[in-house]
Amino acid sequence: MFKIGNIEIKNKVILAPMAGVTNSAYRVIAKDFEPGYTCTEMTSNVGLKYNSEKTLDIARVTPEEGIVALQIFGGDVEDYVNAAKYFDENSNASIIDINMGCPVKKVAIKSQAGSALTKTPDKVREIVEGIVAVIKKPLTVKIRLGWDENSSNYMELAKIIEEAGASALIVHGRTREQMYQGNANWDAIKEIKENLSIPVIGNGDVFTPEDAKRMLEYTGVDAVMVARAAQSSPWVLKQMKDYIETGTYEADPTIETIHSTIKRYIEILLKNWSPNYTLAQSKSVASQWFAKFKGASDERMAFMTAKTLEDFQKNIAIFVDKIKEKYEQ
């Protein structure tokens with residue numbers, strides 16, 4: 170257990186913010202796998218300024234989700250401060266997080282947000298100090314190691330963020346230029362942890378329970394943040410937690426259990442979203458959660474090309490039965 174500000178985080182595995190993935194319903198599902206906390210998708214400060222319905226939808230946090238960090242990005246310093254203050258006063262989220270790590274072109278180049286902020290340490294300080302001055306919830310910041318290898322200024326950024334008053338730092342062990350290629354630099358994450366007094370959470374190349382424990386032991390970080398592995402297999406969150414705590418973990422769930430989880434996901438989505446959105450999100454998780462079950466290609470295609478939620482649910486049940494037949498032979 171460790172603390173982010175006054176918030177107790179009960180285990181060392183955190184679900185990362187993922188655009189198009191970690192909506193409110195997904196976070197409810199993820200909570201079953203006992204992460205220390207979960208994160209919203211990136212929430213646009215500029216969208217909030219213009220009262221965008223989509224932005225408010227992304228920012229929705231329900232009480233049943235547990236501890237959630239609401240991640241904000243974009244705009245000028247005033248936009249960051251105003252958005253943080255708004256969500257501090259009007260959100261069920263427990264933590265406010267700033268995205269200073271997103272490498273995608275739309276965010277980092279077009280909007281000069283995300284990892285672009287690593288190029289402007291003075292602005293980083295101004296944003297963090299400005300937010301800390303107006304919110305009561307703890308503030309975290311997620312960064313990369315810099316823009317590219319020639320401007321890898323992670324230690325300068327880490328020190329600025331700590332001095333400016335952030336309660337914790339999340340570090341992805343790559344530069345913006347690397348995107349998701351090559352190996353994450355755990356040595357840099359270790360160096361940051363050794364030189365900061367606030368909690369440091371490591372991110373990058375944590376795909377298995379063994380990876381999670383190895384990162385904790387090698388870098389000394391307070392927790393690991395998991396993205397791609399939890400997108401394809403959210404149950405890996407509990408496997409990681411259990412392995413860190415006990416040295417063992419349960420096998421992946423059966424196809425019947427995964428099917429039941431998808432049905433529950435659909436039920437939760439339909440409480441707040443349209444059938445069309447629910448269908449798109451359900452196809453996305455089904456394609457990934459069922460990926461390891463080979464075969465039944467026609468049945469798989471049928472649920473992935475379904476035009477209605479009703480057809481999707483019917484075809485996915487057929488797919489599951491077909492796979493069960495194959496594996497029982």
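Residue numbers (our numbering): 170 to 498.
Glycine included, every Cβ here is placed at the ideal spot set by N, Cα and C.
Query	Result
7 Å Cβ cutoff met for W316 and R343	no
Residue burial classification, D201 (beta-carbon count within 10 angstroms, cutoff 16)	exposed
Per-residue DSSP class, three states only, for G216	helix
Pairwise C-alpha distance: I487 and T309	45 Å
Beta bridge counterpart(s) of L239 as assigned by DSSP	I265
Status (buried if at least 16 other CB within 10 Å, exposed otherwise) for V375	buried
Whole-angstrom distance between S260 and S429, CA atom to CA atom	30 Å
Buried or exposed by the 16-neighbour rule on C-beta atoms within 10 Å, applied to K495	exposed
Close beta carbons around E414, own chain, < 8 Å, minus the five adjacent residues each side	N180
Where F171 sits in the DSSP three-state scheme	strand
Alpha-carbon to alpha-carbon, E425 and R397	23 Å
Contiguous alpha helix (DSSP H) assignments of at least 4 residues, all confined to the segment 447–479	466–473
Residues that DSSP places opposite G499 in a beta bridge	Residue 499 cannot be examined here, being either before or after the span of the chain that is shown, 170 to 498.
Straight-line gap, W442 to A449 (C-alpha atoms, nearest Å)	11 Å
Closest Cα partner of D380 within the set M394, P368, V369	M394
Beta-carbon proximity of P307 to G174, cut-off 7 Å	yes
Alpha carbon of A150 to alpha carbon of T191, nearest angstrom	Outside the displayed span of the chain (170 to 498) sits residue 150, for which this structure offers no information.
Residue from S401, I358, I265 with nearest C-alpha to A199	S401
Length of the line joining the Cα atoms of D467 and L184	33 Å
CB-CB length for A238 against I264, believed under 8 Å	4 Å
Nearest-angstrom beta carbon gap, L326 and N354 [assumed within contact, 8 Å]	Their Cβ separation, rounded to whole angstroms, is 14 Å, which puts N354 and L326 out of contact at 8 Å.
Extent of the continuous beta strand (DSSP E) to which S311 belongs	Ser is not the amino acid found at residue 311; the sequence shown has Lys there. K311 -> beta strand (DSSP E) spans 308–312.
Collapsed DSSP secondary structure at V182 in the structure displayed	strand
C-alpha gap between K172 and D490, whole angstroms	45 Å
Under the three-state DSSP convention, the category T417 falls into	coil
Extent of the continuous alpha helix (DSSP H) to which S193 belongs	193–200
Residue nearest to V293 in terms of C-alpha spacing, selected from V246, E233, E222, D226	V246
Residue burial classification, T388 (beta-carbon count within 10 angstroms, cutoff 16)	buried
Any chain B beta carbon closer than 7 Å to G244	Among the protein chains of the structure shown there is no chain B, as only one such chain exists.
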